[in-house]
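S.K.: Under this note's numbering, think of the first position of the sequence shown as 2, with each following residue one higher.
Built from N, CA and C at the ideal position, the CB exists for glycine as well.
Owing to the predicted nature of the structure, the values given are computational and were not obtained by experimental measurement.
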Amino acid sequence: MNSLRLRDFNPLRLLHTNFSYQSLPNSESRSASPSGSYRRRWLPDKLRFGRLSLTKLLALAIAGFVCLALMAGGGYRQVREEVQNQEPAEQPPPFYWQVFPRLNGYYNGIRTLVPYKDVQQENRYNASEPPKYEKPRDLPKQPPMEPIKYDPYPDYKSSEYLEKHHEVHECFVDDEDTIPVPDVYAYPGVPAVYPEPFYGSYSALGMREDVCWDRFGRLAAYGYGDSKGTNHGLGMKSEKTGAHKIFEKVGHTDYSKVDWGKAQKKCYEKNKARFAQEQPEGKERVKRHAYVLRTWTGFKYTDHHIMTLRAQINELALKSGGEYDVHFLVHVKDDSIPIWADEDIYRQVIEENVPEEFWGLATLWSEKQMEMYYPDPFPNNFINMAGSSIHGVYRSAHFAIQWFSQEFKEYDFVWNWEMDLRYTGHYYEFNNRIGEWGKAQPRKGLWERAERFYIPGIHGSYENFTKFVGEEMKTRDIPLNDPVAQGPHPVWGPVNTFPNNGLLPAPEGTTPPHSYSRDNYEWGVGEDADILTFNPIFDPSKTNWVFREDVTGYDNTLPVPPRRVAIITVARLSRRLLDTMHEETWAMRHSMFPEMWPPSVALHHGLKAAYVPHPVYFDRDWDLPYMDQVFNYPETKEASTFGWGEHNMLGSSFYYNAGFSGALWRRWLGEAENGEGGRREEESGTGRMCLRPVLHHPIKGE
2 MNSLRLRDFN PLRLLHTNFS YQSLPNSESR SASPSGSYRR RWLPDKLRFG
52 RLSLTKLLAL AIAGFVCLAL MAGGGYRQVR EEVQNQEPAE QPPPFYWQVF
102 PRLNGYYNGI RTLVPYKDVQ QENRYNASEP PKYEKPRDLP KQPPMEPIKY
152 DPYPDYKSSE YLEKHHEVHE CFVDDEDTIP VPDVYAYPGV PAVYPEPFYG
202 SYSALGMRED VCWDRFGRLA AYGYGDSKGT NHGLGMKSEK TGAHKIFEKV
252 GHTDYSKVDW GKAQKKCYEK NKARFAQEQP EGKERVKRHA YVLRTWTGFK
302 YTDHHIMTLR AQINELALKS GGEYDVHFLV HVKDDSIPIW ADEDIYRQVI
352 EENVPEEFWG LATLWSEKQM EMYYPDPFPN NFINMAGSSI HGVYRSAHFA
402 IQWFSQEFKE YDFVWNWEMD LRYTGHYYEF NNRIGEWGKA QPRKGLWERA
452 ERFYIPGIHG SYENFTKFVG EEMKTRDIPL NDPVAQGPHP VWGPVNTFPN
502 NGLLPAPEGT TPPHSYSRDN YEWGVGEDAD ILTFNPIFDP SKTNWVFRED
552 VTGYDNTLPV PPRRVAIITV ARLSRRLLDT MHEETWAMRH SMFPEMWPPS
602 VALHHGLKAA YVPHPVYFDR DWDLPYMDQV FNYPETKEAS TFGWGEHNML
652 GSSFYYNAGF SGALWRRWLG EAENGEGGRR EEESGTGRMC LRPVLHHPIK
702 GE
């Protein structure tokens, strides 16, 4: 059962191309025809020469030499000119989606800003050529709009807020309460020609869609462009027209001596009455979040990344009055270091591997520590495709987050966040709005909606999408369902009646109050989601995802339990889910591959799970019916985007292998990418980029 299978081999991983996310075939180069091929031509038998004498050979050689001499000048010159003038045969792109026209509206700059209602949508969904922005002669030299302070927080001082909540006391960056938390600035418009996201929606999540962010408005508050700062004016050699207005607003903050651990703790102490379990009559308790950054020893913190970390702390923890705490969960790769036994060594590891301003936020863990916390045995694995230890971070990254949640029980939610994520919007708006969206979702059809990509151009509003999925379930999901491999359809309460059970009891409140048919999309409304993911929660038995049977602790003589997966381990996890995951691991010795474990525990125990339809962009103008077919209705298991069809995600802004994501982020920072962008192009063109809020993953360089 533990041997590798030929059907799990992915031939696409052997396909090497000179793939570039700015150099893909553009709208002027859409031919998908194969290049010409040439076959070697052999002389027919009747033209072959017989045996020749030495005299004849000499005569032929002399004659040939004379002919060659006569033809050498003109003939060689003609051949050379033909070769030089001959265009190289166009090679077909390896993937069909590469023939779609390229979208360039992302690179239109702040000199082209218009109100959102006047934006010309660049997407034509391959029905016609995308519109091109023609630079007018009278294009303004300065941004045509003033940057605005972006404030997505509740009005903490309003009578409406104070009627239901405790007062929020202002927090500061420094220990003396003299440095206020800086504001960030966005532009109240969007470049005149700009794409819409292909799947996901701002309006569905309750987020503003009428603003865009340039690099100075987003990062100047955290040291970007500050010649007095620790990064020596990073960004000041890039295009910066109009940036002086932002500098005047944000001023200079000296981050060189900031202790974020102290600032965060002091903020909580000021506002801890808001989070107390017992509240006076009429007051609502505010739930707390741990925002956990998964880092490791040896990680290189760039100046750009440090500004992102400052943004997360300021916007999530300090500006919210302590609603969040940011933590650095540091994986100590050297198992020989006794971090659990010596305080001095513990402190030394932090100081050698984390920037000083973040020392007070760091918590260490190691795989050796997890071996002691969740000791062997972990029997009955179905297929260990990675061939590595159950305690290794690759197969059990969730062990550390489960341990963390048991060490820090004061948090209602834990965000498992990776270091290669970036966001061009406001962190609090993003986190708050998706949390409220999850809370508002009814449980009816929620698992079925979560396994689909919500494409507004196909499905309309999210309410219409909800109804559509409800109807499609009757005609497609239920008739095609394999209850042994997939569990029941529709999912309604705990999925715990499969033969390979052996589960702990489901938590209270997970039993449906009535039948599925009687429910009018009511059950679950107002209930916080136990898990929020950022990619669909799919059934791996319907795909050839390579780790689909890395399931441990169940009877491997029986079928693999029904399970679910969300690619990329980034998620918001509830206290209830984390406690259940911990108990299933500790008491039952159950585990699965990290991207499969939290959604599967939620499935088995009847917890509330949702895929957040955050906006995702593509570098190409995909045909929407084709996109819907590829992403939502793959013809075979192998064609699934969660298997061999993963190449379809290469040109997206969010996936584990999304190449466009990093290219777009670096262009936004003003860097040249594949011969495009950079200072000269921005200054001679329409100015620096101004992106709508986008969650980027992965960012492997900046």
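(1) Find the nearest neighbour of H306 within the set S337, I346, T425, judged by alpha-carbon distance.
(2) Just to confirm, is the Cβ distance from Y195 to R693 under 9 angstroms?
(3) Opposite S641 in the DSSP bridges: which residues?
(4) The alpha helix (DSSP H) spanning H167 covers which residue range?
(5) For the beta strand (DSSP E) containing F329, name the first residue and the last one.
(6) Please say whether T179 and Y1 have beta carbons closer to each other than 9 angstroms?
(7) Are the CB atoms of H332 and V394 nearer to each other than 9 angstroms?
(8) Nearest by alpha-carbon distance to S653: which of L447, P183, Y428, P198 is it?
(9) Identify, in the order they occur along the chain, each residue of the same chain with its Cβ nearer than 7 angstroms to the Cβ of M146, setting aside the five sequence neighbours on each side.
(10) Only counting the same chain, and skipping five residues up and downstream in sequence, which positions put a Cβ closer than 8 angstroms to that of T56?
(11) Use the C-beta contact count for E452: other C-beta atoms within 10 angstroms, 16 or more gives buried, fewer gives exposed.
(12) Measure the alpha-carbon distance for Q370 versus W341 and round it to whole angstroms.
(13) So, using beta-carbon positions, are W587 and Y412 closer together than 9 angstroms?
(14) What is the rounded straight-line gap between the Cα of G323 and the Cα of W438?
(15) Quick check: the segment 553 to 569 against the segment 594 to 603, are at least 3 beta-carbon pairs closer than 8 angstroms?
(16) My output table needs one value for I700: the three-state DSSP class, helix, strand or coil.
(17) Please tell me whether D622 and R103 are closer than 9 angstroms, where the distance is taken between their beta carbons.
(18) With distances taken from CA atoms, which of F499, I700, R477, M420 is nearest V485?
(19) Would you kindly check if the distance between the Cβ of L447 and the Cβ of H606 is under 9 angstroms?
(20) Using CA atoms only, rank isn't needed, just tell me which of N381, R138, P181, V259 is closest to N557.
(21) I'd like to confirm the pairing. Which residues does DSSP put opposite V561 in its beta bridges?
(22) Anyone know if the C-beta pair for Q487 and P563 falls short of 9 angstroms?
(23) Strictly by DSSP, which residues pair up with Q122?
(24) Exposed or buried, which one is D751 when buried takes at least 16 other CB atoms within 10 Å?
(25) Which one of E130, Y463, H697 has the shortest CA to CA distance from Y656?
(26) If you run the structure through DSSP and keep just helix, strand and coil, what is N465?
(27) Given a threshold of 16 other Cβ atoms within 10 Å of its Cβ, counted over all protein chains shown, does T534 qualify as buried or as exposed?
(28) Taking 9 angstroms as the threshold (C-beta atoms), are D478 and H490 in contact?
(29) I need the DSSP call for A673, collapsed to helix, strand or coil.
(30) Which of helix, strand or coil does DSSP assign to Y618?
(31) Spatial neighbours of K701 within its chain, please: CB distance less than 7 angstroms, with the 5 preceding and 5 following residues excluded, ordered by chain position.
(32) Short check: CB of I728 to CB of L365, under 9 angstroms?
(33) Whole angstroms are fine: how far does the CA of H648 sit from the CA of T476?
(34) Quick one: complete alpha helix (DSSP H) runs, 4+ long, within the segment 339 to 370?
(35) Rounded to the nearest angstrom, how far is the Cβ of M589 from that of Y108, given a contact under 8 angstroms?
(36) Would you say N105 and P137 are within 9 angstroms of each other, going by their C-beta atoms?
M.R.: Walking through what the data contain:
(1) Looking at the Cα atoms, T425 is the closest of the given residues.
(2) Taking 9 angstroms as the Cβ cut-off, Y195 and R693 qualify as a contacting pair.
(3) Answer by DSSP bridge pairing: none, since S641 is not bridged.
(4) Counting along the chain, H167 falls outside any alpha helix (DSSP H), and DSSP gives it neither H nor E.
(5) For F329, the enclosing beta strand (DSSP E) has its first and last residue at 325 to 332.
(6) In the structure as shown, the chain begins at 2 and stops at 703. Residue 1 is therefore absent and cannot be evaluated.
(7) The answer is yes: Cβ separation under 9 angstroms.
(8) Taking the Cα of S653 as reference, the smallest distance to any Cα among L447, P183, Y428, P198 is reached at P198.
(9) Closer than 7 angstroms at the Cβ level, and outside the excluded window around M146, lie L114, Y188, P189, G190.
(10) Note on T56: pLDDT 49, under 50, position unreliable in the model; the coordinate value appears next. Apart from the 5 residues on each side of it in sequence, T56 has no Cβ closer than 8 angstroms to any other Cβ in its chain.
(11) E452 comes out buried.
(12) The alpha-carbon of Q370 is positioned some 8 angstroms away from that of W341.
(13) No, they are not a contact pair.
(14) Distance between the alpha carbons of G323 and W438 is about 21 angstroms.
(15) Yes, since at least three Cβ pairs between the segment 594 to 603 and the segment 553 to 569 fall closer than 8 angstroms, the two stretches touch.
(16) Looking at I700 - three-state DSSP - the assignment turns out to be coil, as it is neither helix nor strand.
(17) Yes, the Cβ-Cβ distance between D622 and R103 is below 9 angstroms.
(18) That would be F499, whose Cα lies nearest to the Cα of V485.
(19) No, they are not a contact pair.
(20) Nearest in C-alpha terms to N557, of all of N381, R138, P181, V259, is N381.
(21) Under DSSP, V561 takes part in no beta bridge, so it has no partner.
(22) Taking 9 angstroms as the Cβ cut-off, Q487 and P563 qualify as a contacting pair.
(23) Answer is Y195.
(24) With the chain covering only 2 through 703, there is no way to say anything about residue 751.
(25) For Y656, the nearest C-alpha among the options comes from H697.
(26) Helix.
(27) With 16 or more other Cβ atoms within 10 Å, it is buried.
(28) Taking C-beta atoms as the reference points, H490 and D478 count as a pair closer than 9 angstroms.
(29) Here A673 sits in strand by DSSP.
(30) Coil, per DSSP.
(31) These residues qualify, in order along the chain: D421, G663.
(32) Since the displayed the chain opens at 2 and closes at 703, residue 728 lies outside it and no answer follows.
(33) One C-alpha to the other measures close to 29 angstroms.
(34) 344 to 354, all fully within the segment 339 to 370.
(35) The pair is not a contact, with the Cβ atoms about 52 angstroms apart (cut-off 8 angstroms).
(36) For N105 and P137, no; Cβs fall outside 9 angstroms.
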